[in-house]
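One structure is given here, and the rest of the page talks about it.
Numbering (the working numbering), first residue to last: 9 to 104.
In structure tokens:
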């Protein structure tokens, strides 16, 4: 079996999974997507199409929990909130 004849399974049909599958297909691989739901539903459904690489935070740090209050209180931090808008967001939060 040559490398391009490999069948590749991608777990998760969210934005990342679909993009990965399309990239692999364009490279000539046979790809199948596995997901328990329809494509672009779960996490990809609620992200509003917004990618924010500028706000990514490595979560595999032991001190991440102690950083959360500072992140929430910083208007330009990765967990910044418009506090006056929080009550309006409650119905959206409850959906998840």
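Don't be surprised by glycine CBs; every beta carbon is placed ideally from N, CA and C.
**Asked** Helix or strand or just coil, what does DSSP make of residue 46?
**Response** coil
**Asked** How would you call residue 36, buried or exposed, if buried means at least 16 neighbouring beta carbons within 10 angstroms?
**Response** exposed
**Request:** Take residue 33 as the anchor and find which of 13, 68, 47 and 44 has the nearest alpha-carbon.
**Result:** 13
**Where residue 19 falls, given that 16 or more other Cβ within 10 Å makes a residue buried** = exposed
**Item:** Euclidean distance between Cα positions of residue 27 and residue 42
**Value:** 13 angstroms
**Asked** How many angstroms separate the CA atom of residue 98 from the CA atom of residue 38?
**Response** 43 angstroms
**Prompt:** With distances taken from CA atoms, which of 25, 17 and 49 is nearest residue 104?
**Reply:** 49
**Item:** DSSP state of residue 22 mapped onto helix, strand, coil
**Value:** coil
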